[in-house]
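If you read the sequence shown in this note's numbering, its first letter stands for residue 225, the second for the next number, and so on.
Beta carbons: idealized from backbone N, C-alpha and C, even for Gly.
These figures come from a predicted structure and were not determined experimentally.
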Amino acid sequence: MFDEENLMILNDENIGISKIELDESDLRVISKNGKYCLQVCVRYNWQDINNIKIGVKENIDFNEYVLAENNEPVLIWPSICYVEKISNEKIKFYIEFNNFSYNNLC
Numbered sequence: 225m226f227d228e229e230n231l232m233i234l235n236d237e238n239i240g241i242s243k244i245e246l247d248e249s250d251l252r253v254i255s256k257n258g259k260y261c262l263q264v265c266v267r268y269n270w271q272d273i274n275n276i277k278i279g280v281k282e283n284i285d286f287n288e289y290v291l292a293e294n295n296e297p298v299l300i301w302p303s304i305c306y307v308e309k310i311s312n313e314k315i316k317f318y319i320e321f322n323n324f325s326y327n328n329l330c
């Protein structure tokens, strides 16, 4: 079942979300305390996303993922990334970063 709650989990703790911004080129998610910001460059063909059938998950790769802590950004790469079409008006972005080793940070 789809849970409409927006989550930002860091080190197994839900740190909450204060703001989500989405435009044609970027998705920005800011934590409740303002300490963390995830920016995903989503320069993507939105027509492809619109063509996903309701209830279907599609793996997707975006151009760049940046996580900032206290305004100090670092490039990171997700272990799982997909889009799910919930309805004609809603899509779900799921981006999971499991490994913050030096291999995944730039």
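So within the stretch 286 to 316, which uninterrupted beta strand (DSSP E) runs reach at least 3 residues, ignoring any that extend past its ends?
Complete beta strand (DSSP E) runs here, min 3: 288 to 293, 296 to 299, 304 to 309.
Near Arg252, which residues of its chain fall below 6 Å by C-beta distance, leaving aside the five closest residues on each side in sequence?
Excluding positions up to five away in sequence, the list reads Glu245, Gln263.
Mind reading off the beta-carbon distance from Glu308 to Ile315? Whole number of angstroms is fine, and I expect it under 8 Å.
That pair is a contact at about 7 Å.
Write down the C-beta distance between Ile273 and Asn257 rounded to the nearest angstrom, noting that I regard them as a contact closer than 8 Å.
Their Cβ separation, rounded to whole angstroms, is 31 Å, which puts Ile273 and Asn257 out of contact at 8 Å.
If you check the beta carbons only, do Glu242 and Ile233 fall under 8 Å apart?
Reading off the sequence, residue 242 comes out as Ser, not Glu. No, these two residues do not count as a Cβ contact at 8 Å.
Could you please give me the residues that DSSP links to Ser242 through a beta bridge?
Beta-bridge pairing links Ser242 to no other residue.
For Phe321, which residues in the same chain have their Cβ closer than 6 Å to its Cβ, ignoring the five residues on either side in sequence?
So the qualifying residues of the chain are Ile300, Pro302.
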